[in-house]
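Residue numbering for the sequence shown follows my numbering, beginning at 5 and increasing consecutively.
Accompanying notes for the structure given below.
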Amino acid sequence: MKRKHWVGKISDIQQIKNKIFKIEGIEFGLYEVKGTWYAWNNFCPHMGASICKGLVSGTRLPSLVYEYKYGMSDQILRCPWHGWEFDLTNGRLLVEPQTKLRGYPVEIQDDEIYVTLPK
Ligand code: FES
């Protein structure tokens with residue numbers, strides 16, 4: 005059974021963006037990238053760190069030796085333990101896309117944000 009939970013208002017973005025929520029025992033982080041909201045489980049598939057305590061940033065894009073191209077600004081979640089980088093728009097590990105964070109559907113109704121959790 006799935007249940008939809010209210011988590012906040014878009015107008016309170018500073019209070020809810022990149023924050024960790026715990027609802028009915030499920031911890032997840034709430035993220036906004038270019039106007040779209042995402043909810044990712046607070047569990048790194050590598051060794052189980054609280055991934056949502058990691059920094060949100062960009063990353064180094066493929067480039068030549070001695071070249072440094074930065075991109076995907078504010079779209080990368082970096083695990084605080086070993087630095088694995090996940091794309092916040094799809095939950096995929098950058099270097100191994102089949103490895104993925106567990107996500108939950110986010111729904112926006114007017115100014116309200118809801119996350120659907122599996123119980
Ligand atoms: S536990 Fe997240 S990168 Fe190792």
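Backbone N, C-alpha and C define an ideal beta-carbon position, used for all residues, glycine too.
Assumed close pair residue i, residue j - CB separation to whole angstroms, cut-off 8 Å
i      : j      : result
Phe47  : Val119 : The pair is not a contact, with the Cβ atoms about 16 Å apart (cut-off 8 Å).
Leu105 : Pro66  : In fact, because the Cβ distance is near 22 Å, the residues do not count as touching under 8 Å.
Gly58  : Arg82  : 5 Å
Tyr72  : Arg64  : 6 Å
Minimum C-alpha distance to residue i - residue among the options
i      : options                      : result
Ser15  : Val60, Gln79, Lys123, Glu116 : Glu116
Gln113 : Lys13, Asp91, Trp85          : Lys13
Leu121 : Asn22, Lys23, Ile30, Ile17   : Ile30
Ala43  : Gly87, Thr103, His9          : His9
Gly75  : Trp85, Gly62, Pro101         : Gly62
Glu111 : His86, Lys26, Glu36, Leu68   : Glu36
His86  : Leu68, Gly52, Asn45          : Gly52
Trp41  : Val11, Glu28, Gln102         : Val11
C-beta contact flag for residue i and residue j at 9 Å
i      : j     : result
Leu34  : Ile20 : yes
Val60  : Asn22 : yes
Lys123 : Lys6  : yes
Minimum Cβ-Cβ distance from residue i to chain D less than 9 Å
i     : result
Trp88 : In the displayed structure, chain D is absent; only one protein chain is listed.
Assigned exposure category for residue i - 16 Cβ within 10 Å defines buried
i     : result
Gly39 : exposed
Trp18 : Checking the sequence, you will find Gln at residue 18 rather than Trp. That one is exposed.
Gln79 : buried
Glu89 : buried
Leu92 : buried
Cβ-heavy atom distance, residue i to the ligand GTP, below 8 Å
i     : result
Cys83 : Ligands present in the displayed structure are limited to the ligand FES, and the ligand GTP is not among them.
Continuous alpha helix (DSSP H) stretch holding residue i: start and end
i     : result
Ile20 : 17 to 20
Limits of the beta strand (DSSP E) - the one that residue i falls within
i      : result
Ser77  : 73 to 82
Ser67  : No beta strand (DSSP E) holds Ser67; DSSP gives it neither H nor E.
Lys13  : 7 to 13
Gly52  : Premise fails: Gly52 is in no beta strand (DSSP E) and is neither H nor E.
Trp41  : 40 to 45
Pro109 : From DSSP, Pro109 is part of no beta strand (DSSP E); its letter is neither H nor E.
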